[in-house]
Amino acid sequence: MDPKQWLVASILLVLALRYLYNKNSKKKNIKHLPGPPRLPIIGNLHQLGQHPHLSLHSLAKKYGPIFYLQLGEIPTVVLSSPQMAREAMKTHDLALATRPEIFAAKHLFYNSSDIAFSPYGAHWRNVRKVCILELLSAKRVQSYGFVREQEVVKLVRRVAESCHDSINLSKLLNMYANGVVLYLERILREETGSMSGSGSKRC
61 MDPKQWLVAS ILLVLALRYL YNKNSKKKNI KHLPGPPRLP IIGNLHQLGQ
111 HPHLSLHSLA KKYGPIFYLQ LGEIPTVVLS SPQMAREAMK THDLALATRP
161 EIFAAKHLFY NSSDIAFSPY GAHWRNVRKV CILELLSAKR VQSYGFVREQ
211 EVVKLVRRVA ESCHDSINLS KLLNMYANGV VLYLERILRE ETGSMSGSGS
261 KRC
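With my numbering as the guide, the letters of the sequence shown map in order to residues 61 to 263.
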């Protein structure tokens, strides 16, 4: 057998074993919900198509207001009625408020300890309180208004320079958002650096 064929066969075998392991382990923890049949590895990804909202609407007509999809390795419960959405987002919001564990976030953001990826709990509430008081208060937001104004001027200038060509608005808005974030990060570093410097001088 050719080495390339051995490699392909080995990869397929590993993927198949992993799929079977995940399938058996998830069956023990997830209650049975209606849903379309799944393919190995990709699950129901092929059924979303180019217009996922239309595909989900047609699946809801067939399987009801709550159904189960397997998006690759991610088990997903789809709610497609106002009543179900109210149950999930209002009645049982605390039970569903936490975030799924993401491998990249766990290793890049100090065991998912930042506000964006940390699970719902006491730590997340404390981080949120600090952000609201120190970063998102009305006075704090107004103090950084000049940063947004500068980046808006740059955004308008880029649009004006590209007025004769097609404009990738998503790219321009991403550049605007990145500019604001990087500028604010630099200001915060300067502020924290000056505070630590003044503290060391007092000592």
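Ideal Cβ positions, reconstructed from N, Cα and C, are used throughout, including at glycine.
Setting aside the 5 residues that flank it on each side, Ile-227 is surrounded in the same chain by Val-219, each with a C-beta closer than 8 Å to its C-beta; the list follows chain order. For Gln-65 and Pro-100, the gap between their C-alpha atoms comes out near 20 Å. No residue range can be given for Gln-107, since it is assigned to no beta strand (DSSP E) and is classified by DSSP as neither H nor E.
In the structure shown, Ile-247 adopts helical secondary structure according to DSSP, grouped into three states. Taking 7 Å as the cut-off, the beta carbon of Pro-94 is found no closer than this to the beta carbon of Asn-104. For Phe-127, the secondary structure class from DSSP, reduced to helix, strand or coil, is strand. Membership of Leu-215 in the alpha helix (DSSP H) is indicated by the continuous run 205-221.
Counting along the chain, Pro-142 sits inside the alpha helix (DSSP H) bounded by residues 142-146. Rounded to the nearest whole angstrom, the C-alpha separation of Val-207 and Leu-244 is 8 Å. The beta-bridge partner set that DSSP reports for Ile-134 consists of Leu-131. For the pair Ala-165 and Ser-172, the CB atoms are nearer than the 7 Å cut-off. Look at Leu-93 here: in three-state DSSP terms it is coil, with no helix or strand label. About 16 Å separates the beta carbons of Thr-151 and Tyr-180, which is beyond the 8 Å limit, so they are not a contact pair. Under DSSP, Leu-99 shares a beta bridge with Gly-103.
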